Amino acid sequence: MKWLISGGLLLALAGLGVALASEFTDPPAPDGLRPGGTISRSLDTPVISEVIERRGREIRNYPEQPPVIPHSIRGYQVDMRFNRCLDCHSREAAPAAGAPMVSVTHFMDRHKQVIAAVSPDRYFCTQCHVTQADVDPLVRNEFKPVDQVIADMVERDRR
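So for the sequence shown, the numbering used here puts the first residue at 22; every next one is plus one.
Below, the structure written as structure tokens:
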């Protein structure tokens, strides 16, 4: 009888060990905004949405908002040696390209001293500037542009 109980207990422990081992050897990936697979299995990469090509400048939603990029930048080289954005947006190239020149603030170092070239702090454009794509938001967003906030405040004060 002892052997039967011991064997059953041993079998149950072995099954539990297999279940726990698979949990530790292939734990689920942390699910953030885009669900993942496991360490050994990953999900297919989502399709990259097409950029909305626009003419002219977008209206900014709040003061000091960096302008958005109105064209695709897929394949642009922006690294320590070269910045393709400056092919059109540098001081020299902007008039001929018909593109806006980078802001004068990009020619200041962190101590607000004017320098001759684009500051290393502002060299990597996509730190602040983004292209626009027509996609569903990952999270609910109740952002209102500053004009809407002011209009709501005026309306509230009238009541």
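Beta carbons: idealized from backbone N, C-alpha and C, even for Gly. These numbers were taken from a predicted model, which means no experiment stands behind them.
With three or more CB-CB distances shorter than 8 Å, the segment 151-161 counts as touching the segment 87-96.
Not a single unbroken stretch of the beta strand (DSSP E) spanning 3 or more residues falls wholly within the segment 51-131. Contact between the segment 139-150 and the segment 99-114 is present: three or more C-beta pairs spanning the two stretches fall below 8 Å.
A straight-line Cα-Cα distance of about 12 Å links Ser-70 and Pro-158.
Gly-96 and Asp-173 have their C-alpha atoms some 42 Å from each other. With 16 or more other CB atoms across the displayed protein chains lying within 10 angstroms of its CB, His-110 is buried. Residues of the same chain with a CB within less than 7 Å of the CB of His-127, apart from the 5 flanking positions on each side, are Val-139, Ser-140 and Arg-143 in chain order.
A straight line joining the alpha-carbon of Gly-119 with that of Gln-169 spans about 32 Å. Residue range 167-179 is occupied by the alpha helix (DSSP H) that includes Arg-177.
Per DSSP, the beta bridge partners of Ala-154 are Val-72. Here Val-160 is actually not in contact with Pro-84; their C-beta atoms are around 24 Å apart, not less than 8 Å. The Cβ atoms of Ala-115 and Pro-121 sit closer than 8 Å to each other.
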